[in-house]
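Q: Take 1075 as the starting number for the sequence shown in the numbering used here and just add one per residue.
I am attaching a structure below and will ask some questions about it afterwards.
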Amino acid sequence: MPDSCETMVGLRLEDVTPGTYTLNFKGDFDPVRTFQVKDLFTDSVISVRSPASYEFEVTEQPASFGKSRFQFITKNSLPEPVILIKGDTLFSNAATENQWYLNGQAIAGGTQPFWIARQTGVYQVETRALSCIKKSAPLSFVITGANSPEPLTIYPNPASGSVIVQGISDITPFVIHDLNGKPVHTGMLSATQNQVEFSLPAGVYILSVDKKSRHTKLIIR
């Protein structure tokens, strides 16, 4: 069966005699989709779960059989993605399967739940579940002096255990967030103490300094 956000397939009833029949549904049903059977003869819609059955009558009326009585409908429950803004960082409300766009073009490597905007333009994020694809509303983002601070540089990255943060001149707090925005590690940095030590599971994080005005992606291996 083809897959999309909504798919409709006709169920044929041919070479049948008048009588009572049953449609039986078995097996594992995809939890991200809903399934329905539409009976055009009785003008009814049945939600299908596994196991399930639907009893129906075939009469002498042509509309009670043939290729146009039943429609099997699947709908993907994927919500439309939404972009949230924190400083110069754009966040998708979808945790996985993201693709960021700038001015209608896919951003190479832009597949994380966040994107640090370095250019003025129109941003969108696209998410998918199976072959169902949905794109957020366009978001116009303008780089100004207030939201384009000096890029934050760390090394090594990927890292395991610690990183050096460059460009720190004053005593400033830092925070490491996971991709859900949850703080997982905090501390203080200065010009002479610019090493961040951590013990975190492998994955992708965001390291922020200067009260979250500067960010960078931190990969822990």
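From the three backbone atoms N, C-alpha and C, an ideal C-beta is built for every residue, glycine too.
Note that the coordinates shown come from a computational prediction; the quantities given were computed from them, not determined experimentally.
What separation, rounded to the nearest whole angstrom, lies between the Cα atoms of Pro-1136 and Val-1196?
A: In the sequence shown, residue 1136 corresponds to position 62, counting from 1. In the sequence shown, residue 1196 corresponds to position 122, counting from 1. Val-1196 has its alpha-carbon roughly 54 Å from the corresponding atom of Pro-1136.
Q: What would DSSP say about Ser-1297, mapped onto helix, strand or coil?
A: Since the first residue of the chain shown is 1075 and the last is 1295, residue 1297 is not available in this structure.
Q: State the CB to CB distance for the pair Pro-1230 and Val-1237, rounded to an integer number of angstroms; the pair is presumed to be in contact (CB under 8 Å).
A: The count along the sequence shown starts at 1 and reaches residue 1230 at position 156. The count along the sequence shown starts at 1 and reaches residue 1237 at position 163. About 7 Å separates the two Cβ atoms, so the contact holds.
Q: In angstroms, rounded to a whole number, what distance separates the CA positions of Met-1262 and Val-1270?
A: Your numbering for residue 1262 matches position 188 in the sequence shown. Your numbering for residue 1270 matches position 196 in the sequence shown. Cα-Cα distance, rounded: 9 Å.
Q: Within 10 angstroms of the Cβ of Gln-1267, are there 16 or more other Cβ atoms? Answer buried if so, exposed if not.
A: Counted from its first residue, the sequence shown places residue 1267 at position 193. Looking at its Cβ environment, which holds fewer than 16 other Cβ atoms inside 10 Å, Gln-1267 is exposed.
Q: Please report the distance separating the alpha-carbon of Gln-1145 from that of Lys-1100.
A: Taking the sequence shown and counting its residues from 1, the one referred to as residue 1145 is at position 71. Taking the sequence shown and counting its residues from 1, the one referred to as residue 1100 is at position 26. So the two alpha carbons sit approximately 17 Å from each other.
Q: Excluding the 5 residues preceding and the 5 following Asn-1098 in the sequence, name in chain order all residues of the same chain whose CB lies nearer than 6 Å to its CB.
A: As a position in the sequence shown, residue 1098 is number 24, starting the count at 1. Within the same chain, Asn-1098 has close Cβ partners Ser-1127.
Q: What three-state label does DSSP hand Ala-1137 in the structure shown?
A: The residue given as residue 1137 occupies position 63 in the sequence shown. Three-state result, Ala-1137: helix.
Q: Considering only the beta carbon of each residue, do Ser-1166 and Pro-1187 sit closer than 9 Å?
A: Reading the sequence shown from its first residue, position 92 is the one you call residue 1166. Reading the sequence shown from its first residue, position 113 is the one you call residue 1187. Closer than 9 Å, so yes.
Q: How long is the line joining the alpha carbons of Arg-1295 and Ala-1203, rounded to whole angstroms?
A: Taking the first residue of the sequence shown as position 1, residue 1295 is located at position 221. Taking the first residue of the sequence shown as position 1, residue 1203 is located at position 129. Arg-1295 and Ala-1203: Cα-Cα distance of roughly 27 Å.
Q: How is Thr-1170 classed by DSSP in three states: helix, strand or coil?
A: Looking up residue 1170 in the sequence shown gives position 96. In this structure, Thr-1170 counts as coil in the three-state DSSP scheme.
Q: If you follow the beta strand (DSSP E) that Asp-1113 is in, where does it begin and where does it stop?
A: Taking the first residue of the sequence shown as position 1, residue 1113 is located at position 39. 1107-1113 is the extent of the beta strand (DSSP E) around Asp-1113.
Q: Please list, in chain order, all residues of the same chain as Leu-1213 whose beta carbon is under 8 Å from its beta carbon, the five residues on each side excluded.
A: Stepping through the sequence shown from its first residue, residue 1213 is reached at position 139. Same-chain partners within the cutoff: Ile-1157, Ile-1159, Leu-1164, Val-1196, Tyr-1197 and Gln-1198.
Q: So, using beta-carbon positions, are Gly-1161 and Gln-1173 closer together than 9 Å?
A: Residue mapping note: residue 1161 aligns to position 87 of the sequence shown, counting from 1. Residue mapping note: residue 1173 aligns to position 99 of the sequence shown, counting from 1. Not closer than 9 Å, so no.
Q: State the Cα-Cα distance for the pair Ile-1190 and Asp-1102, rounded to the nearest angstrom.
A: Reading the sequence shown from its first residue, position 116 is the one you call residue 1190. Reading the sequence shown from its first residue, position 28 is the one you call residue 1102. Rounded to whole angstroms, Ile-1190 to Asp-1102 spans 40 Å at the Cα level.
Q: Which value, in whole angstroms, describes the spacing of the CA atoms of Ile-1228 and Pro-1275?
A: Within the sequence shown, numbered from 1, the residue matching residue 1228 stands at position 154. Within the sequence shown, numbered from 1, the residue matching residue 1275 stands at position 201. Annotation: Ile-1228 to Pro-1275 spans about 18 Å, alpha carbon to alpha carbon.
Q: Should Val-1083 be labelled buried (16 or more other beta-carbon atoms within 10 Å of its own) or exposed?
A: For the purposes of this step, residue 1083 is taken as residue 9 along the sequence shown, with counting starting at 1. When all chains shown are included, Val-1083 counts as exposed.
Q: Cβ of Asn-1150 versus every heavy atom of the ligand ATP: is any distance shorter than 8 Å?
A: Among the ligands in the structure shown, none appear at all, so the ligand ATP cannot be discussed.
Q: Are the beta-carbon atoms belonging to Phe-1109 and Val-1122 less than 9 Å from one another?
A: Mapped onto the sequence shown, residue 1109 falls at position 35. Mapped onto the sequence shown, residue 1122 falls at position 48. For Phe-1109 and Val-1122, yes; Cβs fall inside 9 Å.
Q: With respect to the beta strand (DSSP E) encompassing Ile-1207, which residues constitute its N-terminal and C-terminal limits?
A: The residue given as residue 1207 occupies position 133 in the sequence shown. Per DSSP, Ile-1207 belongs to the beta strand (DSSP E) from 1206-1209.
Q: Let me confirm a value: Tyr-1069 is counted as buried when at least 16 other C-beta atoms fall within 10 Å, else exposed. Which label applies?
A: Nothing can be reported for residue 1069: it is not among the residues displayed for the chain, which extend from 1075 to 1295.
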